[in-house]
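*Asks:* Letter by letter, the sequence shown follows residues 1 to 77 in the UniProt record's numbering.
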Amino acid sequence: MNTFGYIYNNSFNASVPSQNMIAFNYEDIDDSQFSFNLFINAITKYILVATTYDSNTIGAFSIISNGIGPVQFVIQQ
Numbered sequence: 001m002n003t004f005g006y007i008y009n010n011s012f013n014a015s016v017p018s019q020n021m022i023a024f025n026y027e028d029i030d031d032s033q034f035s036f037n038l039f040i041n042a043i044t045k046y047i048l049v050a051t052t053y054d055s056n057t058i059g060a061f062s063i064i065s066n067g068i069g070p071v072q073f074v075i076q077q
């Protein structure tokens with residue numbers, strides 16, 4: 001499953017996908033997964049948008065974070 005990932009600062013607008021985008025990655029790891037190495041601010045809301053190259057493609061995926069503080073993930077569809 002070929003994946004794309006986007007990171008947005010504070011909000012995501014599907015009608016204007018470049019607005020607030022701070023990072024983008026495609027197939028960084030083993031030609032099918034994306035990854036980010038970012039320094040982020042603890043008081044800022046970030047949005048991860050994960051999608052696939054081909055439409056109607058579904059499958060399991062993992063989100064892994066590490067650093068000196070906790071990270072909270074809220075899943076929205």
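Just so it is clear, CB atoms sit at the ideal spot from N, CA and C, and this is done for glycine as well.
The beta strand (DSSP E) spanning N9 covers which residue range?
*Replies:* It spans 3-9 - the beta strand (DSSP E) in which N9 sits, taken as one unbroken run.
*Asks:* Going by DSSP, what residues sit across from A23 in a beta bridge?
*Replies:* I7
*Asks:* Please list the terminal residues of the continuous beta strand (DSSP E) segment that includes Y46.
*Replies:* 46-52
*Asks:* Does DSSP put Q72 in a helix, a strand or coil?
*Replies:* coil
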